[in-house]
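Trainee: Here the UniProt record's numbering is used: the first residue of the sequence shown is 1, the next is one more, and so on.
From the three backbone atoms N, C-alpha and C, an ideal C-beta is built for every residue, glycine too.
Please read through the structure below; I'll follow up with questions.
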Amino acid sequence: MDNSMAVWLPAPDEISTYSTASSTPNSMLQPFDVSSNSLTNDMTTGASPQEAPRRRPVPGRGFRKTRRGCFNCKRRRVKCSEHRPECLGCRRMSLDCVYPACVLPDPRTIPSAPTYEFLASSILALAAQHLTVFNKADYSVQALGLRISAIKGLNDALSQPCRTAADADARYAAIIGLTFQSSYMPDGLMEFVAMMRGWMVISTTLVTDPRASMFRQFTRESYVESIQEHVKEQYKSRDDTVVEGFLASLRIL
């Protein structure tokens, strides 16, 4: 056989040695560890994923403010549980829990205002009569019923002495309302005269001290004083044209 065509073939023992020498390195032949520890270490050492952004706290949505907390919680600017004798915050931090002194309201009661049914009926009667005259609505029946109730209640009140100045003022106000109502009533001239007579009797007998009454401006002396003040003011700002016109009117008479 020609030597140029000879092919060298390794022996069987050389084949095992050659395959072992040319095999993959030992590091590549080690088994792959799929345990959870190895996966955790690989994820830790690798690039960490992007964290989700935190929500910013909404201002004004915290706890409800209170003015009854202890001094320590107010100083620390935290919410006080308001437990007595010590709050939870002071108990946890071993602090002396001191609360501000409680200011109790004044136990004095306000006296109720006196009620006079006849005065209320008199005012409502005058209002109903006024609406009947100046509006299209007809409240004459209601006005008459309220007037009868007011007169009956006023007569019952006049049969008893006045204990306070408010009692006298209530009777005085009721007769004033009834008098003005009679001036709006059709054919109420006799009613008006009777009410005016009662007005004069009440003003002279019940209102003993006009200065202590709320109707002190209704007396004759007060009226004269108000007219005098009005005349003085008019004299200070006298207009010659008005005076001449007044004198001309007198000459015509």
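#1: Taking only three categories from DSSP, how would you classify residue 250?
#2: Of the choices 233, 138 and 156, whose alpha-carbon is the least far from that of residue 118?
#3: If residue 154 sits next to residue 173, beta carbons under 8 Å apart, how far is it from one beta carbon to the other, in whole angstroms?
#4: Given a threshold of 16 other Cβ atoms within 10 Å of its Cβ, counted over all protein chains shown, does residue 72 qualify as buried or as exposed?
#5: Please name the residue, chosen from 195, 123, 134 and 136, that lies closest to residue 145 on a Cα-to-Cα basis.
#6: Which same chain residues, not among the five before or five after residue 23, have their C-beta less than 6 Å away from its C-beta?
#7: Can you give the Cα-Cα distance for residue 139 and residue 241, rounded to whole angstroms?
#8: Are the beta-carbon atoms belonging to residue 202 and residue 171 less than 9 Å from one another?
#9: On the DSSP letters alone, give me the boundaries of the alpha helix (DSSP H) that residue 130 sits inside.
#10: Give the secondary structure of residue 190 by DSSP, where H, G and I count as helix, E and B as strand, and everything else as coil.
#11: Is the beta carbon of residue 89 sitting closer than 9 Å to the one on residue 98?
#12: Enumerate in chain order the residues of its own chain whose CB-to-CB distance from residue 116 is below 7 Å, with the five nearest sequence positions on each side excluded.
#13: At 4 residues or longer, what runs of the alpha helix (DSSP H) sit wholly inside the UniProt domain "Zn(2)-C6 fungal-type" (69-99)?
#14: Tell whether a beta-carbon distance below 9 Å holds between residue 177 and residue 101.
#15: With C-beta atoms as the reference, is residue 143 less than 9 Å away from residue 209?
#16: State the Cα-Cα distance for the pair residue 194 and residue 148, rounded to the nearest angstrom.
#17: Going by other Cβ atoms of all chains shown within 10 Å of its Cβ, with 16 needed for buried, is residue 205 buried or exposed?
Mentor: Working from what's here:
#1: The residue given as residue 250 occupies position 250 in the sequence shown. If DSSP states are grouped into helix, strand and coil, residue 250 belongs with the helices.
#2: As a working note, residue 118 is residue 118 in the sequence shown. Measuring from the Cα of residue 118, the nearest candidate turns out to be 156.
#3: Residue 154 sits at position 154 when you count from the first residue of the sequence shown. Residue 173 sits at position 173 when you count from the first residue of the sequence shown. Not really, about 10 Å apart at Cβ, beyond 8 Å.
#4: Mapped onto the sequence shown, residue 72 falls at position 72. Flag for residue 72 reads buried.
#5: Position 145 of the sequence shown, counted from the start, is the residue given in the question as residue 145. When each option's Cα is compared against that of residue 145, the closest is 123.
#6: Sequence index remark: in the sequence shown, residue 23 carries index 23 (1-based). With a pLDDT of only 46 at residue 23, under 50, the local geometry of the prediction cannot be trusted, and no value is derived from it.
#7: Counted from its first residue, the sequence shown places residue 139 at position 139. Counted from its first residue, the sequence shown places residue 241 at position 241. Residue 139 and residue 241: Cα-Cα distance of roughly 48 Å.
#8: Mapped onto the sequence shown, residue 202 falls at position 202. Mapped onto the sequence shown, residue 171 falls at position 171. The answer is yes: Cβ separation under 9 Å.
#9: For the purposes of this step, residue 130 is identified with residue 130 of the sequence shown, where counting begins at 1. Unbroken alpha helix (DSSP H) run through residue 130: 117-134.
#10: For the purposes of this step, residue 190 is taken as the residue at position 190 of the sequence shown. Of the three classes helix, strand and coil, the one that applies to residue 190 here is helix, per DSSP.
#11: Along the sequence shown, read from residue 1 onward, the residue named residue 89 stands at position 89. Along the sequence shown, read from residue 1 onward, the residue named residue 98 stands at position 98. Contact: no.
#12: In the sequence shown, the residue the question calls residue 116 occupies position 116. Within the same chain, residue 116 has close Cβ partners 170.
#13: 71-76 and 88-93
#14: Translated into positions along the sequence shown, residue 177 becomes position 177. Translated into positions along the sequence shown, residue 101 becomes position 101. Result no, Cβ atoms of residue 177 and residue 101 do not sit closer than 9 Å.
#15: Taking the sequence shown and counting its residues from 1, one reaches residue 143 at position 143. Taking the sequence shown and counting its residues from 1, one reaches residue 209 at position 209. No, Cβ-Cβ distance for residue 143 and residue 209 is not below 9 Å.
#16: On the sequence shown, position 194 is the one that residue 194 refers to. On the sequence shown, position 148 is the one that residue 148 refers to. In a straight line, the C-alpha of residue 194 is about 14 Å away from that of residue 148.
#17: Start at 1 with the first residue of the sequence shown, and residue 205 comes out as number 205. By the 10 Å Cβ count, residue 205 comes out exposed.
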